[in-house]
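Numbering (full-length UniProt numbering), first residue to last: 1 to 157.
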């Protein structure tokens, strides 16, 4: 089946099995390796992408569901101002990620850029319950998200 969608701002067509998982197509056909194959059950966050403005686990999306959608991977997101603010906020908070979980942690922070400016600690901790990795302390993540949001407020974006 030929499936059209927008990938990191570019119109693409891919000939693939409609039941193939998006994470597999991104890695194998588009060679976008920032989206990791982790638990394959939507729980770890390592395969996160932005689909039509929402952060979702790409291991849970079949390609037929992607038809006509806009997909942004960590490679595409890394070109944005939001990415730079999030990574700066994390760095200032001492957040150190292992590389496996970067995508999920960064894109989860982005969800707060789209929701509300001042989430409390409980909201941030709950949002990160879907990014299972022990490489960094959750209190550092909370500080990192809050730092990034302060940086965003200063930039008026």
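Quick reminder that beta carbons are idealized off the backbone N, C-alpha and C, glycines included.
The continuous beta strand (DSSP E) containing residue 13 extends over residues 10-15. Residue 135 sits close to residue 97, with the two beta carbons spaced by under 7 Å.
Separation of the CB atoms of residue 18 and residue 63 is rounded to 5 Å, and the pair is thereby assigned contact status at 8 Å. The Cβ atoms of residue 100 and residue 46 lie closer than 7 Å to each other. Secondary structure note for residue 62: it is in no alpha helix (DSSP H), with a DSSP letter that is neither H nor E.
In the displayed model, residue 7 falls within a strand according to three-state DSSP.
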